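Numbering (this note's numbering), first residue to last: 544 to 766.
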């Protein structure tokens with residue numbers, strides 16, 4: 544199958560964009576990336592993206608949107624799937640991908656919380672979700688063992704947030720989940736996960752967090 548020409552419409556901090564980039568890097572898919580300002584979306588982007596969100600993937604003259612759709616498409620058109628062969632196990636992987644999206648929602652609540660009470664509630668929510676994940680991990684470097692999968696592509700960008708959060712304070716997110724901590728360390732050293740972000744990602748995220756006018760912003764300023 545001939546690989547189309549790809550352009551991924553992206554944002555510098557978007558974890559959903561990073562999912563798609565990780566898949567492209569894992570599967571050696573040539574592509575171009577164009578970064579846009581989501582606070583000032585260009586008219587051409589709104590014309591091609593019905594939801595007005597990134598990522599959007601230009602496939603020759605066609606457009607795909609939603610990261611899960613994009614990742615599945617990229618996996619299907621290239622050799623060597625990032626999913627297991629067994630249909631039930633594959634479906635379970637997709638379930639844990641959705642769980643990853645729920646963690647991203649909790650992360651947004653964590654860094655946006657305006658007061659200490661809500662901030663602490665969101666901290667506990669994240670800790671509980673990682674405790675749920677702990678029971679799903681077994682031996683091996685990645686989610687399902689020694690083979691990198693689409694689940695890992697989803698959780699790499701999630702764990703990257705905490706590498707930045709922990710520069711400000713030890714929040715004990717992983718104190719009760721040693722297997723999740725090991726998984727985080729393995730993913731953050733994995734080449735496709737490392738190369739899915741811009742070199743100045745930590746500084747960009749730091750600046751983004753400072754501008755949130757949130758409880759975390761105050762913690763960062765104090766630190």
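We treat Cβ as the ideally placed atom computed from N, Cα and C, and that holds for glycine. Model, not experiment: these values are computed from the prediction.
Within 10 angstroms of the Cβ of residue 766, are there 16 or more other Cβ atoms? Answer buried if so, exposed if not. By the Cβ-count criterion, residue 766 is exposed, with fewer than 16 other Cβ atoms from all chains shown falling within 10 Å of its own Cβ.
Count the other C-beta atoms from every protein chain shown that fall within 10 angstroms of the C-beta of residue 718, then say buried if there are 16 or more, exposed otherwise. The residue in question, residue 718, is exposed, as its Cβ has fewer than 16 Cβ neighbours within 10 Å.
For residue 689 and residue 682, the rounded distance between their alpha carbons: Rounded to whole angstroms, residue 682 and residue 689 show a C-alpha spacing of 8 Å.
What are the uninterrupted segments assigned as beta strand (DSSP E) that are 3 or more residues long and contained completely in the region 561-649, given in chain order? Counting whole runs of 3 or more residues, the region 561-649 contains the beta strand (DSSP E) stretches 575-578, 599-602, 605-608.
What is the DSSP secondary structure of residue 683, counted as helix, strand or coil? If DSSP states are grouped into helix, strand and coil, residue 683 belongs with coil.
Contact between the region 578-591 and the region 697-715 (3+ Cβ pairs under 8 Å): Contact fails: fewer than three Cβ-Cβ distances are below 8 Å.
Short check: CB of residue 622 to CB of residue 636, under 9 Å? In this structure, residue 622 sits away from residue 636, with a CB-CB distance that is not shorter than 9 Å.
Meets three-Cβ-pair contact criterion under 8 Å: the region 588-601 and the region 747-762: The region 588-601, when compared against the region 747-762, does not touch it at the 8 Å Cβ threshold.
Within the chosen definition, does the region 557-567 reach the region 600-611 through at least 3 CB pairs nearer than 8 Å? Flag = yes, the region 557-567 and the region 600-611 touch.
Among 701, 660, 743, whose alpha-carbon lies nearest the alpha-carbon of residue 561? Checked all of 701, 660, 743; the closest Cα to residue 561 is 701.
Look at the Cβ atom of residue 551, then the Cβ atom of residue 599, and state whether they are nearer than 9 Å. Yes, these two residues count as a Cβ contact at 9 Å.
Alpha carbon of residue 619 to alpha carbon of residue 661, nearest angstrom: Each residue's Cα considered, the two are about 41 Å apart.
Between residue 606 and the rest of its own chain, which residues show a CB-CB distance below 8 Å, the 5 nearest in sequence each way excluded? Non-local C-beta neighbours of residue 606 in its own chain, meaning closer than 8 Å and more than five positions away in sequence, comprise 591, 592, 599, 600, ordered along the chain.
Please classify residue 553 as buried or exposed, where buried requires at least 16 neighbouring CB atoms within 10 angstroms. So residue 553 counts as buried.
By the three-class DSSP mapping on this structure, what secondary structure does residue 660 have? Assigned with DSSP and collapsed to three states, residue 660 falls in helix.
What is the rounded straight-line gap between the Cα of residue 696 and the Cα of residue 580? The straight-line gap from Cα to Cα measures roughly 24 Å.
Which of the three DSSP states, helix, strand or coil, is assigned to residue 552? Three-state result, residue 552: strand.
Three-state class that DSSP yields for residue 699 in the structure shown: Residue 699 falls in the helix class under three-state DSSP.
N- and C-terminal bounds of the alpha helix (DSSP H) containing residue 729: Counted as a single uninterrupted DSSP element, the alpha helix (DSSP H) harbouring residue 729 occupies residues 721-731.
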